[in-house]
Amino acid sequence: MGKDRHHRTDEDRTMSHRRRIGIIAGAAALLLSATACSGLGRTTVGQLSFRGHDSPVEISYNNTLVTGCHRIAIPDGATHVENNTLVDVILYQNYDCKQTDEPNNEIYVATTLSNVTAPRARPWRSFSVVH
1 MGKDRHHRTD
11 EDRTMSHRRR
21 IGIIAGAAAL
31 LLSATACSGL
41 GRTTVGQLSF
51 RGHDSPVEIS
61 YNNTLVTGCH
71 RIAIPDGATH
81 VENNTLVDVI
91 LYQNYDCKQT
101 DEPNNEIYVA
111 TTLSNVTAPR
121 ARPWRSFSVV
131 H
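Start counting the sequence shown at 1; every next residue gets the next number (the UniProt record's numbering).
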């Protein structure tokens with residue numbers, strides 16, 4: 001006689017449970033990889049440090065969002081930067097990370113590098129992350 005299709009063995013239940021777990025795990029992995037590529041919520045890894053001209057005060061940003069424009073919280077602007085993150089940044093002499101026609105309005109600082117402005121140059125006021 002044939003096997004009753006409506007009667008499930010313990011082995012059938014175990015396989016069905018494993019399949020469900022596999023499908024859920026696969027869907028979760030797909031969702032995680034899709035959101036990782038989107039840039040939402042991603043942050044820099046490491047520290048970005050700023051200092052003003054002849055100032056002992058240093059402002060550091062850790063794990064900054066990779067999206068948007070970030071103001072540098074030094075009242076007179078920053079003249080020294082150390083990029084100890086895993087990403088590159090662009091520094092701007094204005095507060096809104098906009099390119100202008102003015103010479104040297106922005107500067108590209110690659111990962112693990114530093115930069116200092118010339119003595120008569122305007123300070124940096126904002127930065128964005130290259131991603």
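Backbone N, C-alpha and C define an ideal beta-carbon position, used for all residues, glycine too. Just so we're clear, the structure is a prediction, and the values are computed from it rather than from any experiment.
Whole-Å CB distance - residue i paired with residue j, under 8 Å assumed
{"i": "Glu102", "j": "Ile90", "result": "That pair is no contact at about 15 Å."}
{"i": "Val109", "j": "Asn83", "result": "5 Å"}
{"i": "Ser55", "j": "Val81", "result": "That belief does not hold up - the Cβ atoms of Ser55 and Val81 are roughly 13 Å apart, past 8 Å."}
Nonlocal neighbours in the same chain, by C-beta distance under 6 Å from residue i, ignoring five residues either side
{"i": "Ile59", "result": "Phe50, Ala73, Ile74"}
{"i": "Tyr61", "result": "Leu48"}
{"i": "Arg122", "result": "Gln93"}
Residues of its chain near residue i, where Cβ-Cβ distance is below 8 Å and the 5 sequence neighbours each way are ignored
{"i": "Pro96", "result": "A small correction: the amino acid at residue 96 is Asp; Pro does not occupy that position in the sequence shown. Contacts found: Cys69, Ser126."}
{"i": "Arg71", "result": "Tyr95, Arg125, Ser126"}
{"i": "His131", "result": "Gly39, Arg42, Val66, Thr67, Val87"}
{"i": "residue 182", "result": "With the chain covering 1 to 131 only, the question about residue 182 has no answer from this structure."}
{"i": "Val57", "result": "Arg51, Ile74"}
Coil, strand or helix - residue i by DSSP
{"i": "Ser38", "result": "Note that Ser38 has pLDDT 46, beneath the 50 cutoff, so the model's placement of it is unreliable and the number below is only indicative. If DSSP states are grouped into helix, strand and coil, Ser38 belongs with the helices."}
Cβ shell of residue i (< 7 Å), same chain only, five flanking positions each side left out
{"i": "Gly46", "result": "Asn84, Thr85, Leu86"}
{"i": "residue 135", "result": "Any question about residue 135 goes unanswered here, given that the chain covers just 1 to 131."}
{"i": "Val129", "result": "Thr44, Thr64, Val66, Val87, Val89"}
Contact with chain B by residue i, beta-carbon distance below 8 Å
{"i": "Arg42", "result": "Any reference to chain B falls outside this structure, which holds one protein chain only."}
Near the ligand COA: residue i beta-carbon under 7 Å from a heavy atom
{"i": "Thr100", "result": "As far as ligands go, the structure on display features none, and thus does not contain the ligand COA."}
Which complete beta strand (DSSP E) runs does the stretch 44 to 113 hold, if anything under 3 residues is left out? 46 to 51, 58 to 62, 69 to 71, 80 to 85, 89 to 92, 106 to 109
If you pair each beta-carbon of the stretch 50 to 62 with each one of the stretch 71 to 80, do three or more pairs fall below 8 Å? yes
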